[in-house]
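**Q**
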Amino acid sequence: MTAVLEVKDLHVSVGDNEILKGVSLTVRQGEVHALMGPNGSGKSTMAYAIAGHPHYQVTSGDILFNGQSILDLEPDERAKLGIFLAFQYPVAIPGVSFANFLRAAVSSVRGYKDRARAEVAQGGKREIGSELMPMREFRKELLAKMDRFNVDRSFAQRYLNDGFSGGEKKRGEVLQMAMLEPKIAILDESDSGLDIDALRVVADGINKLVADGMGALLITHYQRILNYVKPDKVSIFYKGRVVLTGGPELAHVLEEKGYGWVEKELAVEPA
Ligand SMILES: Nc1ncnc2c1ncn2[C@@H]1O[C@H](COP(=O)(O)OP(=O)(O)OP(=O)(O)O)[C@@H](O)[C@H]1O
Ligand SMILES: [Mg+2]
Numbered sequence: 019m020t021a022v023l024e025v026k027d028l029h030v031s032v033g034d035n036e037i038l039k040g041v042s043l044t045v046r047q048g049e050v051h052a053l054m055g056p057n058g059s060g061k062s063t064m065a066y067a068i069a070g071h072p073h074y075q076v077t078s079g080d081i082l083f084n085g086q087s088i089l090d091l092e093p094d095e096r097a098k099l100g101i102f103l104a105f106q107y108p109v110a111i112p113g114v115s116f117a118n119f120l121r122a123a124v125s126s127v128r129g130y131k132d133r134a135r136a137e138v139a140q141g142g143k144r145e146i147g148s149e150l151m152p153m154r155e156f157r158k159e160l161l162a163k164m165d166r167f168n169v170d171r172s173f174a175q176r177y178l179n180d181g182f183s184g185g186e187k188k189r190g191e192v193l194q195m196a197m198l199e200p201k202i203a204i205l206d207e208s209d210s211g212l213d214i215d216a217l218r219v220v221a222d223g224i225n226k227l228v229a230d231g232m233g234a235l236l237i238t239h240y241q242r243i244l245n246y247v248k249p250d251k252v253s254i255f256y257k258g259r260v261v262l263t264g265g266p267e268l269a270h271v272l273e274e275k276g277y278g279w280v281e282k283e284l285a286v287e288p289a
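Everything in the sequence shown is counted per the numbering used here, starting at 19 for the first residue and increasing by one.
1. At what residues does the alpha helix (DSSP H) containing residue 191 begin and finish?
2. Please determine, among 181, 77, 244, the residue with the shortest C-alpha to C-alpha distance to residue 270.
3. How about residue 219 and residue 234: are their beta carbons less than 9 Å apart?
4. Taking the DSSP output, what are the residues bridged to residue 91?
5. In its own chain, which residues sit with a C-beta less than 7 Å from the C-beta of residue 66, not counting the 5 before and 5 after it?
6. For residue 187, which residues from the same chain have a beta carbon less than 6 Å from its beta carbon, with the 5 sequence-adjacent residues on both sides left out?
7. For residue 225, I'd like the list of residues in its chain whose CB is within less than 7 Å of its CB, leaving aside the five on either flank, ordered along the chain.
8. Mind listing, in chain order, the continuous alpha helix (DSSP H) runs of no fewer than 4 residues lying wholly within the region 19-92?
9. Could you tell me whether the Cβ atoms of residue 42 and residue 237 are closer together than 9 Å?
10. Could you compute how far the alpha carbon of residue 89 sits from the alpha carbon of residue 239?
11. Answer yes or no: do residue 204 and residue 101 have a C-beta to C-beta separation smaller than 9 Å?
12. Could you tell me how far apart the beta carbons of residue 114 and residue 151 are, in whole angstroms, since I believe they sit closer than 8 Å?
13. Please list, in chain order, all residues of the same chain as residue 282 whose beta carbon is under 7 Å from its beta carbon, the five residues on each side excluded.
14. Compute the Euclidean distance between the alpha carbons of residue 289 and residue 258, then round it to the nearest angstrom.
15. Residues around ligand 2, please: the ones whose beta-carbon is closer than 7 Å to some heavy atom of it, in chain order.
16. In chain order, what residues of the same chain have a beta carbon less than 8 Å from the beta carbon of residue 280, not counting five sequence neighbours either side?
17. Please name the residue or residues paired with residue 253 in a DSSP beta bridge.
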């Protein structure tokens, strides 16, 4: 079955401030949906709300995954369904290696943790390491994927994002996606701050994952990455709403005419 993520008339507030004012959009497995919009229009807010960040209160509307509301699910439960968020500003965790972080994340998403806990709950013995994907298997898969996605093998032992350059962080995110195998990934400005070679590596990684069946919501400011990752759909986000959805040509029109055009032509009511 093809997984579908649907955001329906979503209203989200931070404190008393309503930031999303009725967002609707759909992302399907195997499809790239690019989302463009000016600074502060609420793109990251929507990404966080989908991932289940507790600061963002959904006041009305719904987020459906395969037709089921995910609003009551915790962030880790949403991840287990196959939803992944690549942050605009990835956090560094000094002291935790990239490999250990990935092993823990993969073990959780693939159910190793739940199965080990269920066994203990049924009176089984607690085996050291049983909550984790077996080391050999994990290492083999990690090395294969580092090679396939052009991520330097030295990444594995480095502390997560600690001292990583902007480009290295974004490559690291591609590796996370490759390991976690999400059905739908939200990439929040995965192209920002990338040099031309890094942009190609990241775009190439996204393309491989989409060819494998991943759906991507690609949040971006520039048409540039869309030369490498061909979107099926482009949506324009403006003042907390999706105001227009179209084909790839929309990104070019936007690049040429800017957001003033959006405000004038689409007669968007000022918030
Ligand atoms: N945790 C928060 N606390 C207070 N205000 C917030 C919070 N998160 C978002 N906002 C506000 O919501 C608005 C939308 O922010 P958001 O980060 O979603 O925009 P964006 O479209 O991702 O912008 P950019 O293109 O600059 O990344 C901004 O005015 C921002 O200050
Ligand atoms: Mg943002």
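We put the CB at the ideal spot given by N, CA and C, even for glycine.
**A** Judging by the given coordinates:
1. Locating residue 191 in the sequence shown gives position 173, counting from the first residue. Residue 191: member of the alpha helix (DSSP H) spanning 184-198, first to last residue.
2. Taking the first residue of the sequence shown as position 1, residue 270 is located at position 252. Among 181, 77, 244, the Cα nearest to that of residue 270 is on 244.
3. The residue given as residue 219 occupies position 201 in the sequence shown. The residue given as residue 234 occupies position 216 in the sequence shown. Not a contact, by the Cβ cut-off of 9 Å.
4. In the sequence shown, the residue the question calls residue 91 occupies position 73. DSSP lists no bridge partner for residue 91.
5. As a working note, residue 66 is residue 48 in the sequence shown. Taken in chain order, the residues that qualify are 74.
6. Position 169 of the sequence shown, counted from the start, is the residue given in the question as residue 187. 108, 179.
7. Sequence index remark: in the sequence shown, residue 225 carries index 207 (1-based). Apart from the 5 residues on each side of it in sequence, residue 225 sits with its Cβ closer than 7 Å to the Cβ of 247 in its chain, given in chain order.
8. If only complete runs of 4 or more residues are kept, the region 19-92 shows the alpha helix (DSSP H) at 61-69, in order along the chain.
9. Taking the sequence shown and counting its residues from 1, the one referred to as residue 42 is at position 24. Taking the sequence shown and counting its residues from 1, the one referred to as residue 237 is at position 219. Going by C-beta atoms, residue 42 is not nearer than 9 Å to residue 237.
10. The residue labelled residue 89 in the question sits at position 71 within the sequence shown. The residue labelled residue 239 in the question sits at position 221 within the sequence shown. C-alpha separation (whole angstroms): 28 Å.
11. Here residue 204 refers to the residue found at position 186 when the sequence shown is read from its first residue. Here residue 101 refers to the residue found at position 83 when the sequence shown is read from its first residue. In this structure, the beta-carbon distance from residue 204 to residue 101 falls below 9 Å.
12. To locate residue 114, count along the sequence shown from 1; it is residue 96. To locate residue 151, count along the sequence shown from 1; it is residue 133. With a Cβ gap of about 16 Å, residue 114 and residue 151 do not count as contacting.
13. For the purposes of this step, residue 282 is taken as residue 264 along the sequence shown, with counting starting at 1. Within its own chain, no residue has a Cβ closer than 7 Å to the Cβ of residue 282 once the five positions on either side in sequence are excluded.
14. On the sequence shown, position 271 is the one that residue 289 refers to. On the sequence shown, position 240 is the one that residue 258 refers to. Confidence at residue 289 is low in this model, with a pLDDT of 49, below 50, so its placement is unreliable and the value that follows should be read with caution. Taken atom to atom, the span from the alpha-carbon of residue 289 to that of residue 258 is near 9 Å.
15. This criterion selects 61, 62, 106, 206, 207, 237.
16. For the purposes of this step, residue 280 is taken as the residue at position 262 of the sequence shown. Cβ neighbours of residue 280 beyond the five flanking positions: 254, 256, 261, 262, 272, 286.
17. In the sequence shown, the residue the question calls residue 253 occupies position 235. Residue 253 is bridged to 53, 263.
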